[in-house]
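Visitor:
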Amino acid sequence: MTSEPTRIVVAGDWHGNTAWALNLIRRLPELLPGEETPLVLQLGDFGVWPGPRGDKYLRKLDRILGDVGGVLGFVDGNHEWFPALEQIPTVAGKGWLRDRIWHLRRGHRWTWHDRTWCALGGAVSLDKAMRTEGLDWWPQEEITPAQVHHVAHDGPVDVLVTHECPAAVLHEFPAPPSWWAAEDLVRNTQHRVRLQTVVDEVRPGWLFHGHLHRGYHRHLPTPREGGLHVHGLDADRAAAGAWLVLNVQTMEVEQIHGAGSVRE
Numbered sequence: 029m030t031s032e033p034t035r036i037v038v039a040g041d042w043h044g045n046t047a048w049a050l051n052l053i054r055r056l057p058e059l060l061p062g063e064e065t066p067l068v069l070q071l072g073d074f075g076v077w078p079g080p081r082g083d084k085y086l087r088k089l090d091r092i093l094g095d096v097g098g099v100l101g102f103v104d105g106n107h108e109w110f111p112a113l114e115q116i117p118t119v120a121g122k123g124w125l126r127d128r129i130w131h132l133r134r135g136h137r138w139t140w141h142d143r144t145w146c147a148l149g150g151a152v153s154l155d156k157a158m159r160t161e162g163l164d165w166w167p168q169e170e171i172t173p174a175q176v177h178h179v180a181h182d183g184p185v186d187v188l189v190t191h192e193c194p195a196a197v198l199h200e201f202p203a204p205p206s207w208w209a210a211e212d213l214v215r216n217t218q219h220r221v222r223l224q225t226v227v228d229e230v231r232p233g234w235l236f237h238g239h240l241h242r243g244y245h246r247h248l249p250t251p252r253e254g255g256l257h258v259h260g261l262d263a264d265r266a267a268a269g270a271w272l273v274l275n276v277q278t279m280e281v282e283q284i285h286g287a288g289s290v291r292e
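Right, dumping it as structure tokens:
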């Protein structure tokens, strides 16, 4: 994705929150001292939205990234303006949204320190019933069976970067709100199973995701030696677990926002 960094920042959902995003970007020289090009890897629901508000958000982030010499790559979440993402030019698997902001296309792979990384954005909007197609919801939010086949066909990876959480990672949640439609709950379950199919096929050792607005780390036994380390990141405004500093040479988490993620 860029020249091999030693450390990067991995961040959960931003939802177009300019103040939150700029606060973290301005801290990149402090968080990643010595990095020639400080890099943020953002895990979806980044904030690609229609209209002047969305454009202003991107312009501000791109300008401050320039001020600190940084770059940002993101996977798409479910709350993104997909027609805009589809129209931007793709160079080497990345959609160039702004000079310093890249959309990591689904299935895009890169190598850092002899480890293969793969991006696979997408998730289901459980509040779809409250949204309007073409205005604030698009069917492209879901990982498609063709994308599953493509990623699996390309072979194993070491690190998978997603927005969705795979089905084997179980969580307990309160009863869903009444405005979430039953068909979207079913669609969500099916989508998590779809992502789990990818995980089972490519057998990563590490997976980083957003979407659930939960900061946590969990280790799962898998056929891969060492198993699977899953890191979920919380969202903007969270008191803890919304971003972390990752040493990509050792794959050790060196710093976590706030009080830290829950280790499960």
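Each residue of the sequence shown is one higher than the last, beginning at 29 in my numbering.
Beta carbons are placed, not taken as given, at the ideal position from N, Cα and C, and that holds for glycine.
Just checking my contact of histidine 141 with glutamate 32 at CB under 8 Å: how many whole Å lie between their CB atoms?
Guide: About 6 Å separates the two Cβ atoms, so the contact holds.
Visitor: Between Pro80, Arg246, Lys84 and Gly101, which has its C-alpha nearest alanine 39's C-alpha?
Guide: With distances taken between Cα atoms, alanine 39 lies closest to Gly101.
Visitor: Just to confirm the assignment, what range does the beta strand (DSSP E) spanning threonine 190 have?
Guide: From DSSP, the beta strand (DSSP E) with threonine 190 extends over 187-190.
Visitor: Taking the alpha carbon of leucine 240 as the reference point, which residue from Gln175, Leu248, His247 and Gly260 has its own alpha carbon closest?
Guide: Checked all of Gln175, Leu248, His247 and Gly260; the closest Cα to leucine 240 is Gly260.
Visitor: Going by Cα to Cα distance, which pick from Thr34, Thr46 and Val37 is closest to aspartate 264?
Guide: When each option's Cα is compared against that of aspartate 264, the closest is Thr46.
Visitor: Cα-Cα, which of Leu235, His247, Gly149 and Gly123 is closest to leucine 274?
Guide: Nearest of Leu235, His247, Gly149 and Gly123 to leucine 274, Cα basis: Leu235.
Visitor: Which one of Ala267, Ala157, Leu56 and Arg242 has the shortest CA to CA distance from glutamate 200?
Guide: Comparing Cα-Cα distances from glutamate 200 to each of Ala267, Ala157, Leu56 and Arg242, the minimum goes to Arg242.
Visitor: Assuming glycine 98 and leucine 67 form a contact by the criterion Cβ under 8 Å, report the distance between their Cβ atoms to the nearest whole angstrom.
Guide: With a Cβ gap of about 7 Å, glycine 98 and leucine 67 count as contacting.
Visitor: Hey, which unbroken runs of the beta strand (DSSP E) at 3 residues or more fall wholly within the stretch 237-264?
Guide: With a minimum length of 3 residues, the continuous beta strand (DSSP E) runs that stay inside the stretch 237-264 are 244-248 and 256-260.
Visitor: Mapping the DSSP letters down to three states, classify threonine 217 as helix, strand or coil.
Guide: If DSSP states are grouped into helix, strand and coil, threonine 217 belongs with the helices.
Visitor: So arginine 143 and valine 187 are supposed to be a Cβ contact under 8 Å. How far apart are they, rounded?
Guide: Contact holds; Cβ gap of about 6 Å.
Visitor: If you follow the alpha helix (DSSP H) that phenylalanine 102 is part of, which residue opens it and which one closes it?
Guide: That residue, phenylalanine 102, is in no alpha helix (DSSP H); its beta strand (DSSP E) goes 99-102.
Visitor: Leaving out the 5 sequence neighbours to the left and right, which residues in its chain are closer than 8 Å to threonine 65 when beta-carbon positions are compared?
Guide: Cβ neighbours of threonine 65 beyond the five flanking positions: Thr30, Ser31, Pro33, Gly97, Gly98 and Val99.
Visitor: Among Thr278, Asp164 and His247, whose alpha-carbon lies nearest the alpha-carbon of tryptophan 77?
Guide: Measuring from the Cα of tryptophan 77, the nearest candidate turns out to be Asp164.
Visitor: With distances taken between CB atoms, is the gap from leucine 148 to threonine 118 smaller than 8 Å?
Guide: No. Outside cutoff.
Visitor: Tell me whether the beta-carbon of arginine 220 lies closer than 8 Å to the beta-carbon of threonine 250.
Guide: No, Cβ-Cβ distance for arginine 220 and threonine 250 is not below 8 Å.
Visitor: Less than 7 Å between C-beta atoms, sequence neighbours within five positions excluded: which residues of the same chain meet that for histidine 178?
Guide: Gly135.
Visitor: Does the separation of the CB atoms of proline 194 and glutamine 224 fall below 8 Å?
Guide: Cβ atoms of proline 194 and glutamine 224: closer than 8 Å.
Visitor: In angstroms with no decimal places, state the Cα-to-Cα distance between glycine 105 and glycine 82.
Guide: Using only the alpha carbons, I get a separation of about 15 Å.
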